[in-house]
Amino acid sequence: MKKYILFSLIIMSALFMGSCNNTGKKAKKEAAVTQPAFDPAALPEDPVFELKTSEGTMIIRLYSDTPLHRDNFIKLAAERYYDNILFHRVINGFMIQCGDPESRTATTGQRLGSGGPGYTVPAEFVPELIHKKGAIAAARTGDAVNPEKASSGSQFYIVQNEAACRRLDGNYTVFGEVINGLEIIDKIAAVQTGAADRPVKDIRILSILPVL
(Lines of atoms letter the chains of each structure in order from A and count residues from 1; the text may use other names and numbers.)
(Lines give C-alpha, C1' and ligand atoms only; values in the text may rest on other atoms or scores of the structure.)
Protein backbone atom coordinates (compact mmCIF):
# COMPACT_ATOMS: atom_id res chain seq x y z
CA MET A 1 0.00 0.00 0.00
CA LYS A 2 2.81 2.39 0.87
CA LYS A 3 4.40 1.69 -2.51
CA TYR A 4 1.14 2.57 -4.29
CA ILE A 5 0.74 5.76 -2.28
CA LEU A 6 4.34 6.76 -2.96
CA PHE A 7 3.92 6.03 -6.69
CA SER A 8 0.73 8.12 -6.81
CA LEU A 9 2.46 11.02 -5.10
CA ILE A 10 5.31 10.87 -7.61
CA ILE A 11 2.85 10.91 -10.55
CA MET A 12 0.88 13.81 -9.05
CA SER A 13 4.09 15.73 -8.44
CA ALA A 14 5.21 15.20 -12.03
CA LEU A 15 1.84 16.34 -13.37
CA PHE A 16 1.90 19.40 -11.11
CA MET A 17 5.41 20.33 -12.24
CA GLY A 18 4.43 19.85 -15.88
CA SER A 19 1.38 22.03 -15.39
CA CYS A 20 3.45 24.76 -13.74
CA ASN A 21 6.00 24.56 -16.52
CA ASN A 22 3.30 24.89 -19.21
CA THR A 23 1.68 27.76 -17.32
CA GLY A 24 5.04 29.51 -17.11
CA LYS A 25 5.64 29.06 -20.83
CA LYS A 26 2.14 30.34 -21.59
CA ALA A 27 2.66 33.39 -19.38
CA LYS A 28 5.97 34.16 -21.09
CA LYS A 29 4.34 33.79 -24.51
CA GLU A 30 1.45 36.10 -23.54
CA ALA A 31 3.88 38.65 -22.11
CA ALA A 32 5.84 38.63 -25.36
CA VAL A 33 2.66 39.23 -27.37
CA THR A 34 1.33 42.03 -25.16
CA GLN A 35 4.66 43.82 -24.65
CA PRO A 36 4.57 47.15 -26.54
CA ALA A 37 6.78 47.40 -29.61
CA PHE A 38 8.08 50.75 -28.34
CA ASP A 39 7.47 53.38 -25.67
CA PRO A 40 5.00 56.01 -26.95
CA ALA A 41 6.14 58.43 -24.25
CA ALA A 42 9.61 58.55 -25.80
CA LEU A 43 8.35 59.93 -29.14
CA PRO A 44 8.49 63.60 -30.24
CA GLU A 45 5.37 65.66 -31.01
CA ASP A 46 5.66 64.98 -34.74
CA PRO A 47 6.88 61.37 -34.71
CA VAL A 48 8.39 59.66 -37.74
CA PHE A 49 7.69 55.99 -38.47
CA GLU A 50 8.96 53.33 -40.83
CA LEU A 51 5.92 51.73 -42.46
CA LYS A 52 7.22 48.49 -43.91
CA THR A 53 5.03 46.69 -46.46
CA SER A 54 5.42 43.59 -48.60
CA GLU A 55 5.99 45.96 -51.56
CA GLY A 56 8.59 48.21 -49.92
CA THR A 57 9.07 50.74 -47.14
CA MET A 58 7.64 54.21 -46.64
CA ILE A 59 8.76 56.75 -44.05
CA ILE A 60 5.81 58.65 -42.60
CA ARG A 61 5.40 61.60 -40.24
CA LEU A 62 2.38 62.22 -38.01
CA TYR A 63 1.13 65.74 -37.33
CA SER A 64 0.97 67.32 -33.89
CA ASP A 65 -1.90 69.46 -35.26
CA THR A 66 -4.13 66.38 -35.11
CA PRO A 67 -3.24 65.01 -31.66
CA LEU A 68 -6.20 62.64 -31.28
CA HIS A 69 -5.41 60.83 -34.51
CA ARG A 70 -1.67 60.95 -33.88
CA ASP A 71 -1.98 59.45 -30.40
CA ASN A 72 -4.42 56.79 -31.56
CA PHE A 73 -2.13 55.73 -34.42
CA ILE A 74 0.84 55.59 -32.03
CA LYS A 75 -1.16 53.46 -29.59
CA LEU A 76 -2.15 50.96 -32.27
CA ALA A 77 1.35 50.80 -33.75
CA ALA A 78 2.83 50.15 -30.29
CA GLU A 79 0.34 47.30 -29.86
CA ARG A 80 1.42 45.87 -33.25
CA TYR A 81 -2.20 46.22 -34.31
CA TYR A 82 -1.26 46.89 -37.94
CA ASP A 83 1.19 44.01 -38.34
CA ASN A 84 0.11 41.68 -41.19
CA ILE A 85 -2.95 43.75 -42.08
CA LEU A 86 -3.79 44.04 -45.79
CA PHE A 87 -4.13 47.01 -48.09
CA HIS A 88 -7.69 45.89 -48.77
CA ARG A 89 -8.83 48.71 -51.09
CA VAL A 90 -6.62 50.04 -53.86
CA ILE A 91 -7.75 52.45 -56.59
CA ASN A 92 -5.11 53.48 -59.10
CA GLY A 93 -5.24 57.22 -59.67
CA PHE A 94 -6.87 57.80 -56.28
CA MET A 95 -5.59 56.20 -53.06
CA ILE A 96 -4.58 53.01 -51.21
CA GLN A 97 -6.43 51.97 -48.02
CA CYS A 98 -5.67 49.66 -45.10
CA GLY A 99 -6.31 49.18 -41.38
CA ASP A 100 -9.12 46.60 -41.26
CA PRO A 101 -8.09 44.00 -38.65
CA GLU A 102 -10.37 41.41 -40.26
CA SER A 103 -8.06 41.44 -43.27
CA ARG A 104 -5.28 39.80 -41.29
CA THR A 105 -6.87 36.36 -41.73
CA ALA A 106 -9.15 37.11 -44.68
CA THR A 107 -9.87 34.42 -47.23
CA THR A 108 -9.56 34.97 -50.98
CA GLY A 109 -12.38 37.16 -52.24
CA GLN A 110 -13.65 38.06 -48.77
CA ARG A 111 -15.21 41.52 -48.61
CA LEU A 112 -13.33 43.84 -46.28
CA GLY A 113 -13.55 47.38 -44.97
CA SER A 114 -15.94 47.21 -42.02
CA GLY A 115 -13.51 46.09 -39.31
CA GLY A 116 -11.95 48.23 -36.60
CA PRO A 117 -11.07 48.47 -32.91
CA GLY A 118 -14.64 49.19 -31.81
CA TYR A 119 -14.43 52.96 -31.48
CA THR A 120 -14.16 56.10 -33.60
CA VAL A 121 -11.95 59.20 -33.35
CA PRO A 122 -13.49 62.71 -33.43
CA ALA A 123 -12.78 64.64 -36.62
CA GLU A 124 -9.80 67.03 -36.57
CA PHE A 125 -9.99 69.22 -39.66
CA VAL A 126 -7.08 71.60 -40.16
CA PRO A 127 -7.36 73.80 -43.30
CA GLU A 128 -3.61 73.66 -43.96
CA LEU A 129 -3.57 69.84 -43.92
CA ILE A 130 -4.76 68.87 -47.39
CA HIS A 131 -4.99 65.76 -49.53
CA LYS A 132 -1.66 66.14 -51.33
CA LYS A 133 0.20 63.13 -52.70
CA GLY A 134 1.39 61.02 -49.79
CA ALA A 135 -1.09 62.51 -47.33
CA ILE A 136 -2.35 60.04 -44.73
CA ALA A 137 -6.01 60.42 -43.81
CA ALA A 138 -8.52 58.52 -41.71
CA ALA A 139 -11.26 56.54 -43.41
CA ARG A 140 -14.80 56.78 -42.07
CA THR A 141 -18.41 55.86 -42.68
CA GLY A 142 -20.63 58.14 -44.78
CA ASP A 143 -22.38 61.32 -43.70
CA ALA A 144 -25.82 59.69 -43.62
CA VAL A 145 -24.84 57.57 -40.62
CA ASN A 146 -21.94 59.72 -39.44
CA PRO A 147 -22.86 63.43 -39.73
CA GLU A 148 -20.06 64.40 -37.33
CA LYS A 149 -17.54 62.85 -39.76
CA ALA A 150 -15.86 60.84 -36.99
CA SER A 151 -12.93 58.74 -38.18
CA SER A 152 -12.51 54.99 -38.13
CA GLY A 153 -10.50 53.89 -35.13
CA SER A 154 -7.92 52.14 -37.31
CA GLN A 155 -8.53 52.38 -41.05
CA PHE A 156 -6.61 54.96 -43.04
CA TYR A 157 -5.69 55.71 -46.63
CA ILE A 158 -2.70 57.22 -48.39
CA VAL A 159 -3.27 59.65 -51.25
CA GLN A 160 -1.82 58.72 -54.62
CA ASN A 161 -3.45 61.36 -56.82
CA GLU A 162 -3.83 64.83 -55.30
CA ALA A 163 -6.26 66.12 -57.94
CA ALA A 164 -8.63 63.19 -57.43
CA CYS A 165 -8.56 63.51 -53.65
CA ARG A 166 -8.78 67.27 -53.13
CA ARG A 167 -12.58 67.05 -52.91
CA LEU A 168 -12.05 65.16 -49.65
CA ASP A 169 -10.46 68.18 -47.93
CA GLY A 170 -12.50 69.19 -44.89
CA ASN A 171 -14.42 65.91 -44.96
CA TYR A 172 -11.76 63.39 -43.92
CA THR A 173 -9.09 64.05 -41.30
CA VAL A 174 -5.56 64.28 -42.69
CA PHE A 175 -3.17 63.39 -39.87
CA GLY A 176 0.18 62.60 -41.49
CA GLU A 177 2.19 62.24 -44.68
CA VAL A 178 4.71 60.05 -46.46
CA ILE A 179 8.05 61.87 -46.43
CA ASN A 180 10.08 59.17 -48.18
CA GLY A 181 9.00 56.31 -50.41
CA LEU A 182 6.27 57.93 -52.51
CA GLU A 183 7.11 55.45 -55.25
CA ILE A 184 5.80 52.65 -53.02
CA ILE A 185 2.34 54.25 -53.15
CA ASP A 186 2.43 54.10 -56.95
CA LYS A 187 3.72 50.53 -56.86
CA ILE A 188 0.85 49.39 -54.65
CA ALA A 189 -1.73 51.43 -56.58
CA ALA A 190 -0.69 49.74 -59.84
CA VAL A 191 -1.44 46.17 -58.75
CA GLN A 192 -4.26 44.15 -60.24
CA THR A 193 -7.48 44.36 -58.24
CA GLY A 194 -10.70 42.37 -58.10
CA ALA A 195 -14.09 42.83 -56.45
CA ALA A 196 -14.44 45.85 -54.14
CA ASP A 197 -11.02 47.10 -55.33
CA ARG A 198 -9.21 44.45 -53.31
CA PRO A 199 -5.79 43.50 -54.70
CA VAL A 200 -5.72 40.04 -56.26
CA LYS A 201 -2.33 39.46 -54.63
CA ASP A 202 -2.24 40.17 -50.89
CA ILE A 203 -0.24 43.27 -49.97
CA ARG A 204 0.49 43.52 -46.27
CA ILE A 205 1.81 45.93 -43.69
CA LEU A 206 4.68 44.05 -42.08
CA SER A 207 5.42 46.52 -39.28
CA ILE A 208 5.13 50.15 -38.23
CA LEU A 209 7.98 51.24 -35.98
CA PRO A 210 9.32 54.66 -34.95
CA VAL A 211 12.46 56.15 -36.43
CA LEU A 212 14.27 57.46 -33.38
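Take the numbering used here: the last position of the sequence shown gets the number 858, and nothing is skipped along the way. Beta carbons are placed, not taken as given, at the ideal position from N, Cα and C, and that holds for glycine. Everything numeric in this text was worked out from a predicted model, so none of it was measured.
Boundaries of the alpha helix (DSSP H) around Asn-718: 713-724. In the three-state scheme derived from DSSP, where H, G and I count as helix and E and B as strand, Ile-834 is classed as helix. Sequence-distant partners of Gly-822 (beyond 5 residues in either direction) whose C-beta falls short of 7 Å from its own C-beta, in its chain, are Ile-706, Arg-707, Leu-708, Tyr-709 and Ile-782.
Counting along the chain, Ala-784 sits inside the beta strand (DSSP E) bounded by residues 781-784. Per DSSP, the continuous beta strand (DSSP E) segment holding Glu-696 begins and ends at 694-699. Secondary structure at Pro-845: strand, using DSSP grouped into helix, strand and coil.
In the DSSP assignment, Cys-744 forms a beta bridge with Phe-733 and Phe-802. The alpha-carbon of Val-767 is positioned some 16 Å away from that of Cys-744.
In the pairwise beta carbon analysis, the region 825-833 is classified as touching the region 695-703: at least three pairs are separated by under 8 Å. In this structure, Pro-682 lies near Glu-725, with their beta-carbon atoms less than 9 Å apart.
With the rule of 3 Cβ pairs closer than 8 Å, the region 750-762 does not count as touching the region 810-826.
Per DSSP, reduced to three states, the secondary structure at Glu-823 is strand.
The Cβ atoms of Gln-806 and Ala-785 lie no closer than 9 Å to each other. Residue environment analysis places Phe-771 among the exposed positions, since fewer than 16 neighbouring C-beta atoms fall within 10 angstroms of its C-beta. Under the three-state reduction of DSSP, Leu-855 is assigned to strand. With contacts defined by Cβ atoms closer than 9 Å, Asn-738 and Leu-852 do not form a contacting pair. In the displayed model, Thr-787 falls within coil according to three-state DSSP, outside both helix and strand.
Our two residues, Lys-698 and Ala-790, have alpha carbons roughly 35 Å apart in a direct line. DSSP, reduced to helix, strand and coil, places Ser-797 within a strand of the structure shown.
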